[in-house]
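In the UniProt record's numbering, the protein residues as written are 1 to 106.
Glycine is no exception: its CB is placed at the ideal position from the N, C-alpha and C atoms.
Here is the structure we will look at, set down as structure tokens.
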């Protein structure tokens, strides 16, 4: 790291080493909402396919969504979260299910 300092007209030293620390991007929770029409097996399939969940983990999240009305599928950067929501909702629409997902900043 440079210890070079330049003196201004008043004689004060100014640090010219202006390193910027990269900031981590904000994270977003992908939330799946319960409805009375989408089969639980379809939700399990979506969790496995788009969120990389094991069968048991997907089933556990599905039951949580069913009982609580909403559940977290995963935490991602904004672009990835948006992509996953689009993938789930496109698949649901193709299969005529009203399944909904949303995101929430962590």
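Are residue 103 and residue 40 close, meaning C-beta to C-beta below 8 Å?
Cβ distance not < 8 Å, so residue 103 and residue 40 don't count as in contact.
Please classify residue 85 as buried or exposed, where buried requires at least 16 other C-beta atoms within 10 Å of its C-beta.
When all chains shown are included, residue 85 counts as buried.
According to the neighbour-count rule (16 or more other Cβ atoms, all chains shown, within 10 Å of its Cβ), is residue 52 buried or exposed?
Exposed, because fewer than 16 other Cβ atoms sit within 10 Å of the Cβ of residue 52.
Note down the Cα distance separating residue 88 from residue 45, rounded to an integer number of angstroms.
Near 10 Å, if we compare the C-alpha coordinates of residue 45 and residue 88.
Once DSSP output is grouped into helix, strand and coil, what is the label at residue 24?
Note: residue 24 maps to coil in three-state DSSP.
To the nearest whole angstrom, what separates the beta carbons of residue 71 and residue 65, a pair I think is in contact under 8 Å?
Yes, residue 71 and residue 65 are in contact; Cβ-Cβ is about 4 Å, under 8 Å.
Can you tell me the Cβ-Cβ gap for residue 91 and residue 35, rounded? I've got them flagged as a contact below 8 Å.
Contact doesn't hold; Cβ gap of about 15 Å is too wide.
Could you pull the start and end residues of the alpha helix (DSSP H) that residue 96 belongs to?
Residue 96 -> no alpha helix (DSSP H), and no H or E assigned at all.
If you compare alpha carbons, which of 67, 43, 68 is closest to residue 56?
The candidate whose alpha carbon is nearest that of residue 56 is 43.
Look at the Cβ atom of residue 73, then the Cβ atom of residue 47, and state whether they are nearer than 8 Å.
Going by C-beta atoms, residue 73 is nearer than 8 Å to residue 47.
Do residue 22 and residue 105 come within 8 Å of each other at the CB atom, strictly closer than that value?
No. Outside cutoff.
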